[in-house]
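Here the sequence shown is numbered in our numbering, starting from 2 and rising by one per residue.
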Amino acid sequence: IWEALDNRFSSNPSVSIEVVDDTVTVFEGSEKAIAVGNAYQADLVIWGWYASTNTNPEIHVYVENLTEKELFSQETGYYQFKSSVLEPNIYDLKVRSAYELESLTHYFVGLTVFEFGDNEKAIDEFSLSLQNEIWANQLESKSNVYYYRGLALMDVGNSEDAFLDFTKAVDLDPTNIYGYFGLSLYY
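So this is what it looks like as structure tokens:
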């Protein structure tokens, strides 16, 4: 998974994937992962473990946010990837989870550069995030990506595409009040 992320982002100067040769056990958990991340001055720490049973391979992934920004709409940064009948082996599960983490990484990069006012780069990162059909909705709602891309589009004067993104945010999640707020900016 980490190699796939590193390969996908190797040409992106905004992202550095550091694979750390340090074991974080389930018992040490988030506390140790955060300490390791702080030592590397990381913004995010992605760590996890996997188990393969006779019937259901699983990957447990934790994403620790070390920034002061709230990056997740959900209260937890935990996600469990489970195989399905269509993914009878751990390899397929790893590939799918790598794509989901890739999408989330583009989203987090987009949020970061958006916060620093680089709207064009944010639009690019949010668009890359949305390219993958596979999305980890348990960790973050895809509708939020459309909302933030809509804000960036508004900031660069592209109100028509912003309107489409705010509408898509509401279509994907009718309870997303931010999508409605974005639509109110359009009107």
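Built from N, CA and C at the ideal position, the CB exists for glycine as well.
- Taking Val-110 as reference, the option from Asn-66, Gly-38, Ser-98, Arg-97 with the minimal CA-CA separation is Asn-66.
- Under the three-state reduction of DSSP output, Ile-47 falls in the strand class.
- The beta-carbon distance between Gly-183 and Gly-158, rounded to whole angstroms, is 15 angstroms. This is too long to meet the 8 angstroms contact definition.
- Counting the other CB atoms within 10 Å of its CB gives Tyr-188 a total below 16, which places it among the exposed residues.
- Distance check between Asn-145 and each of Val-25, Val-96, Tyr-179, His-61 places Tyr-179 closest, using alpha-carbon atoms only.
- Look at the beta carbons and you see the stretch 123-139 not touching the stretch 30-47: under three pairs across the two are nearer than 8 angstroms.
- When the Cα atoms are used, Leu-186 and Leu-102 turn out to be separated by approximately 31 angstroms.
- Around the beta carbon of Glu-29, a 10 Å sphere encloses fewer than 16 other beta carbons of the protein chains shown; the residue is thus reported as exposed.
- Burial check for Tyr-148: the Cβ neighbour count within 10 Å reaches 16 or more, so the residue is buried.
- Along the length of the stretch 112-171, whole alpha helix (DSSP H) runs at least 4 residues long occupy 120-132, 143-156, reported in chain order.
- Checking the DSSP bridge columns, you'll see Glu-101 has no partner listed.
- Its Cα nearest to that of Asn-13, the residue His-107 stands out among His-107, Asp-22, Glu-4.
- In the DSSP assignment, Phe-182 falls within the unbroken alpha helix (DSSP H) covering 178-187.
- For Ala-170, the closest of Ala-153, Asp-44, Lys-143 by C-alpha to C-alpha distance is Lys-143.
- Val-27 sits away from Ile-47, with the two beta carbons spaced by 8 angstroms or more.
- Excluding residues up to 5 positions away in sequence, Ala-163, Leu-186 lie with their Cβ nearer than 7 angstroms to the Cβ of Met-155 in the same chain.
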